[in-house]
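Visitor: Handing you this structure, nothing more for now.
Number of protein chains: 2
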Amino acid sequence: MVTIKDVAARAGVSLGTASRVLSGGAHTSADSRSRVLAAAAELNYIAHGPARSLRRAKTDVLGLLVSDIRNPFFSELAHAAEREARRLGYTVLLANSDEDAAQEAALLRAFASQRIDGFLLAPQGGDSSALRGLLGGGMPLVCVDRTVRGSEAPTIAPDNAGGVALVLEWLRGRGHREVAFVGGPATISTGAERRDAYLSRRAEHGISTDPALVDEGDFQADSGAAAMRRILGRGMRPTAVFGADGLMTLGAVRALRAELGDAARGVELVSFDDLDWFALTDPPVSAVRTDASTIGRLGIAALVDLINGRAAVSQRVPSAFIDRAGPARATAPPLSPPTRRGRGRTPASRPDAPR
Amino acid sequence: MVTIKDVAARAGVSLGTASRVLSGGAHTSADSRSRVLAAAAELNYIAHGPARSLRRAKTDVLGLLVSDIRNPFFSELAHAAEREARRLGYTVLLANSDEDAAQEAALLRAFASQRIDGFLLAPQGGDSSALRGLLGGGMPLVCVDRTVRGSEAPTIAPDNAGGVALVLEWLRGRGHREVAFVGGPATISTGAERRDAYLSRRAEHGISTDPALVDEGDFQADSGAAAMRRILGRGMRPTAVFGADGLMTLGAVRALRAELGDAARGVELVSFDDLDWFALTDPPVSAVRTDASTIGRLGIAALVDLINGRAAVSQRVPSAFIDRAGPARATAPPLSPPTRRGRGRTPASRPDAPR
Numbered sequence: 029m030v031t032i033k034d035v036a037a038r039a040g041v042s043l044g045t046a047s048r049v050l051s052g053g054a055h056t057s058a059d060s061r062s063r064v065l066a067a068a069a070e071l072n073y074i075a076h077g078p079a080r081s082l083r084r085a086k087t088d089v090l091g092l093l094v095s096d097i098r099n100p101f102f103s104e105l106a107h108a109a110e111r112e113a114r115r116l117g118y119t120v121l122l123a124n125s126d127e128d129a130a131q132e133a134a135l136l137r138a139f140a141s142q143r144i145d146g147f148l149l150a151p152q153g154g155d156s157s158a159l160r161g162l163l164g165g166g167m168p169l170v171c172v173d174r175t176v177r178g179s180e181a182p183t184i185a186p187d188n189a190g191g192v193a194l195v196l197e198w199l200r201g202r203g204h205r206e207v208a209f210v211g212g213p214a215t216i217s218t219g220a221e222r223r224d225a226y227l228s229r230r231a232e233h234g235i236s237t238d239p240a241l242v243d244e245g246d247f248q249a250d251s252g253a254a255a256m257r258r259i260l261g262r263g264m265r266p267t268a269v270f271g272a273d274g275l276m277t278l279g280a281v282r283a284l285r286a287e288l289g290d291a292a293r294g295v296e297l298v299s300f301d302d303l304d305w306f307a308l309t310d311p312p313v314s315a316v317r318t319d320a321s322t323i324g325r326l327g328i329a330a331l332v333d334l335i336n337g338r339a340a341v342s343q344r345v346p347s348a349f350i351d352r353a354g355p356a357r358a359t360a361p362p363l364s365p366p367t368r369r370g371r372g373r374t375p376a377s378r379p380d381a382p383r
Numbered sequence: 029m030v031t032i033k034d035v036a037a038r039a040g041v042s043l044g045t046a047s048r049v050l051s052g053g054a055h056t057s058a059d060s061r062s063r064v065l066a067a068a069a070e071l072n073y074i075a076h077g078p079a080r081s082l083r084r085a086k087t088d089v090l091g092l093l094v095s096d097i098r099n100p101f102f103s104e105l106a107h108a109a110e111r112e113a114r115r116l117g118y119t120v121l122l123a124n125s126d127e128d129a130a131q132e133a134a135l136l137r138a139f140a141s142q143r144i145d146g147f148l149l150a151p152q153g154g155d156s157s158a159l160r161g162l163l164g165g166g167m168p169l170v171c172v173d174r175t176v177r178g179s180e181a182p183t184i185a186p187d188n189a190g191g192v193a194l195v196l197e198w199l200r201g202r203g204h205r206e207v208a209f210v211g212g213p214a215t216i217s218t219g220a221e222r223r224d225a226y227l228s229r230r231a232e233h234g235i236s237t238d239p240a241l242v243d244e245g246d247f248q249a250d251s252g253a254a255a256m257r258r259i260l261g262r263g264m265r266p267t268a269v270f271g272a273d274g275l276m277t278l279g280a281v282r283a284l285r286a287e288l289g290d291a292a293r294g295v296e297l298v299s300f301d302d303l304d305w306f307a308l309t310d311p312p313v314s315a316v317r318t319d320a321s322t323i324g325r326l327g328i329a330a331l332v333d334l335i336n337g338r339a340a341v342s343q344r345v346p347s348a349f350i351d352r353a354g355p356a357r358a359t360a361p362p363l364s365p366p367t368r369r370g371r372g373r374t375p376a377s378r379p380d381a382p383r
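Here the protein sequences come in this chain order: V and A. Going by the working numbering, the residue at position 15 of the first sequence is 43; the numbering climbs one at a time, nothing skipped. Going by the working numbering, the residue at position 307 of the second sequence is 335; the numbering climbs one at a time, nothing skipped.
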């Protein structure tokens, strides 16, 4: 078994320094911290959990690392997590990895240097040495929204397959065949699960399996716009677009308006994740509502259970579908692509009554 | 002069405990921390700055306390601050006061217990004992977006009066007389400055000074909807609505649609702060773009200057106006209020060409 002495030797620091770093103590330099954490990760050092917990002074502060604080899904999740933490007597410090694995690693190291009792993580996906270092230090961890490969941390995540099934039913009900899909990265569990559920079942819902209709972004808005432009650039003229998160759907709407002009209003939109302005656009955006608040709240509850030595289990949170489209499409979608400009919207997709 | 001995005596703790708390050291209980910080605040204890800085181990971690992480203005500000911090070799821990002074105080105490080198604050407004405690501990502080009464901290804020002047020019150019104003809280500097600039100059721009057209929210969406409903409930039928931040404008749009139905599309909207979907609604929302990214970036630069013993000065960041309305209104607004439903939008406010 690897001991703290091995870690100190590998890091080239004294036993006291290694101990202070791994116990989250004060008076350690940034340099020795990063060396000790790297050594602990390389050696797969696991501190003795219960003894460690007893030694660490409680601070009643929790860490929360989200993937993209500009994504309303995560700001809503963070807000609900804070509220639940406050109810349980904790305050929350947030960090934002900005959908960037290197930044995530830097932030995990920063958290390791702080006096927090545990943390929630919406991970970038891959197993990382920074994450192993933090876990090696005995830090209680719960994952939210996304899973980490090779980790046994309890995870509170949306029911991605169930949500995509709701989208597929809706697309079939609206009579769509030419559907563009702007997916998320396959390296992130939500990206992979939503994509797999969509690609494997779209044919049975009467949706074209043309690979030119499928593209991918990084869950941020600009990437959704770029993916949409690539799909249009391949000559595709979809009657509906399915974005795998709210921000990529926003990007897709922008690209459709820029490339197709007013004809963009005839394209129906559906998003995995509901944003608060989706009801206000023309046409409005229908959406799977994954309950970010519930995920944040359950994540904090599980983390506080772990901190207090209780068991915590993984959970999938079910989704609802918000149908904002007008009356069902009376006609099949046009077989020929619309012209680049001046094509009116179809009456079915834009009734005059407010919704 | 108040010494650390006075603080320890007032808090009823040992000198060593008081010293550990005020130096941000480890192994202090939550109870003794809060007692020491409260005592330091009551006694207005100021640590000896330079000596304190030398004693505190650098962590290369900065704190950022924003008012509402669900407000895109602040998530954009936080994102830019993180990016600049990373460029300068720091990581950032965020906290969210949720427009709530009590939560701000709790978070300031949590930050005081952490090992950070300094922090950025978008304050709730009032001078607080928690803030004085943190400053008394010698923590470098820069304010962003909003000022703190009684604080001399460098502040990077938008040019609120200049931004409102752009809105007033636009309202006059569009021929609006009946304009509803959904303002922010007078206790927060941005709320007070935007309100004062609007109320004091609207008459000279031909805008009605009827007090029934003016209401107030707390910068969050639901409060904007409630304020809009109160204005409509007083029988007002404005031709334009000016929201003092993006989220309250969102709330106002929702309330207009719910109360007026399709006639809501004839009401022009203008917001202080630009949200990324304002171009996509019908009609689109025009906006003062206060550059949250620049404020976040300059805030971090000023904070790092303070940490390194350099001077930092307050700055006002100028605004731009994004005009998303159609051709200028050809006719004066209707003198009689529109009927509750079925009133068509005016052609001028909703041209078919995409923007």
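Virtual Cβ for every residue (Gly too), placed ideally from N, Cα, C. Because the structure is a prediction, the values reported are computed rather than measured.
Using 8 Å for Cβ pairs, my map puts V:Glu404 next to A:Asn124. What's the rounded Cβ distance?
Guide: Coverage of chain V is limited to positions 29 through 383, which leaves residue 404 of chain V absent and any answer about it impossible.
Visitor: Along the alpha helix (DSSP H) that carries V:Thr119, what are the first and last residues, could you check?
Guide: No alpha helix (DSSP H) holds V:Thr119; the beta strand (DSSP E) holding it covers Thr119 to Asn124.
Visitor: Between which two residues does the alpha helix (DSSP H) containing A:Phe102 stretch?
Guide: Pro100 to Arg115 is the span of the alpha helix (DSSP H), which, as asked, contains A:Phe102.
Visitor: Alpha carbon to alpha carbon, how far is V:Ala68 from V:Gly337?
Guide: Roughly 24 Å separates the two Cα atoms.
Visitor: For A:Leu43, count neighbouring C-beta atoms within 10 Å of its own C-beta (all shown protein chains included) and say buried if the count is 16 or more, exposed if not.
Guide: Per the 10 Å Cβ criterion, exposed.
Visitor: What's the C-alpha gap between A:Pro37 and A:Phe147?
Guide: For clarity, residue 37 of chain A is Ala in the given sequence; the question names Pro instead. Each residue's alpha carbon lies about 28 Å from the other.
Visitor: Tell me whether the beta-carbon of V:Gly245 lies closer than 9 Å to the beta-carbon of V:Ala225.
Guide: It is not a contact, given that the beta carbons lie outside the stated cut-off.
Visitor: What is the rounded straight-line gap between the Cα of V:Gln248 and the Cα of A:Ile32?
Guide: When rounded, the distance between both Cα atoms is 49 Å.
Visitor: Quick one: Cα of A:Gly324 to Cα of V:Ala220, how far?
Guide: Their backbone Cα atoms lie some 34 Å apart in a straight line.
Visitor: Just how far apart, CA to CA, sit A:Gln343 and A:Ile184?
Guide: Spanning the two alpha carbons is a distance of roughly 5 Å.
Visitor: Determine the contact status of A:Ala268 and A:Val298, defining contact as a CB-CB distance below 9 Å.
Guide: Against a cut-off of 9 Å, the Cβ pair of A:Val298 and A:Ala268 comes out as a contact.
Visitor: Is the beta carbon of A:Asp310 sitting closer than 9 Å to the one on V:Asp310?
Guide: Yes, they are a contact pair.
Visitor: Between A:Pro168 and chain V, is any beta-carbon pair separated by less than 9 Å?
Guide: It does not: the Cβ of A:Pro168 has no partner Cβ on chain V nearer than 9 Å.
Visitor: When the Cα of A:Ser103 is compared with those of A:Leu121, A:Val176 and A:Asp88, which residue comes out closest?
Guide: That would be A:Leu121, whose Cα lies nearest to the Cα of A:Ser103.
Visitor: List in chain order: all unbroken beta strand (DSSP E) runs of 3+ residues lying wholly within the segment 150-228 of chain V.
Guide: The qualifying runs are 169-172, 183-186 and 207-211.
Visitor: At a Cβ threshold of 9 Å, is A:Phe247 touching chain V?
Guide: No - not a single Cβ of chain V is within 9 Å of the one on A:Phe247.
Visitor: Is the beta carbon of V:Val332 closer than 9 Å to that of V:Leu116?
Guide: Contact flag set, yes.
Visitor: Just to confirm before moving on: does the CB-CB distance between A:Gly211 and A:Arg222 stay below 9 Å?
Guide: Yes, the pair counts as a contact, with Cβ atoms nearer than the cut-off.
Visitor: Taking 6 Å as the limit between beta carbons, can you name the residues of its chain near A:Ser60, skipping five residues before and five after?
Guide: Closer than 6 Å at the Cβ level, and outside the excluded window around A:Ser60, lie Val41 and Thr45.
Visitor: Mind checking who A:Ala315 pairs with in its DSSP beta bridge?
Guide: Partner(s): A:Ser299 and A:Ile350.
Visitor: At the level of alpha carbons, what is the spacing between A:Pro362 and V:Pro239?
Guide: Here the model assigns A:Pro362 a pLDDT of 44, short of 50, so the residue's position is not dependable and the matter cannot be decided.
Visitor: If I measure Cβ to Cβ from A:Ser217 and keep anything under 6 Å in the same chain, skipping five residues before and after, which residues do I get?
Guide: Correct list, in chain order: Arg174 and Thr175.
Visitor: Please go through the same chain and pick out, in chain order, the residues whose beta-carbon is closer than 7 Å to the beta-carbon of V:Ala329, but skip the five residues on each side of it.
Guide: Correct list, in chain order: Glu112.
Visitor: Closest to A:Ala140 by C-alpha separation, out of V:Asp88, V:Asp290, V:Ala181 and V:Ala150, would be which residue?
Guide: Of the candidates V:Asp88, V:Asp290, V:Ala181 and V:Ala150, the one whose C-alpha sits nearest the C-alpha of A:Ala140 is V:Asp88.
Visitor: Buried or exposed, going by whether 16 or more other CB atoms sit within 10 Å of the CB of V:Ser314?
Guide: The residue in question, V:Ser314, is buried, as its Cβ has 16 or more Cβ neighbours within 10 Å.
Visitor: Look at the alpha carbon of V:Glu127 and the alpha carbon of A:Gly252, and state the distance between them as a whole number of angstroms.
Guide: Their Cα atoms are separated by approximately 32 Å.
Visitor: When the Cα atoms are used, what is the spatial distance from V:Leu326 to V:Cys171?
Guide: Cα-Cα distance, rounded: 11 Å.
Visitor: Return helix, strand or coil for V:Arg230, following the three-state DSSP convention.
Guide: Correct three-state label for V:Arg230: coil.
Visitor: Quick check on V:Gly245: does DSSP put it in helix, strand or coil?
Guide: The answer is coil: DSSP assigns V:Gly245 none of H, G, I, E or B.
Visitor: Look up A:Thr56 in the DSSP assignment and say whether it is helix, strand or coil.
Guide: Correct three-state label for A:Thr56: coil.
Visitor: Does the CB of V:Ala193 have a neighbour CB from chain A at under 9 Å?
Guide: No, V:Ala193 does not count as interfacial toward chain A.
Visitor: With a Cβ-Cβ cutoff of 9 Å, do V:Glu206 and V:Leu241 count as a contact?
Guide: In contact: V:Glu206 and V:Leu241 (Cβ atoms closer than 9 Å).
Visitor: Could you name the residues of the same chain whose beta carbon sits closer than 7 Å to that of A:Phe209, not counting the 5 residues immediately before and after it, in chain order?
Guide: Taken in chain order, the residues that qualify are Tyr226, Leu241, Val242 and Phe270.
Visitor: I think V:Ser347 touches V:Gly190, with their Cβ atoms under 8 Å apart; what is that distance to the nearest whole Å?
Guide: With a Cβ gap of about 6 Å, V:Ser347 and V:Gly190 count as contacting.
Visitor: Classify A:Gly153 as buried or exposed, calling it buried when 16 or more other Cβ atoms lie within 10 Å of its own Cβ.
Guide: Classification of A:Gly153: buried, given that the 10 Å Cβ count is 16 or more.
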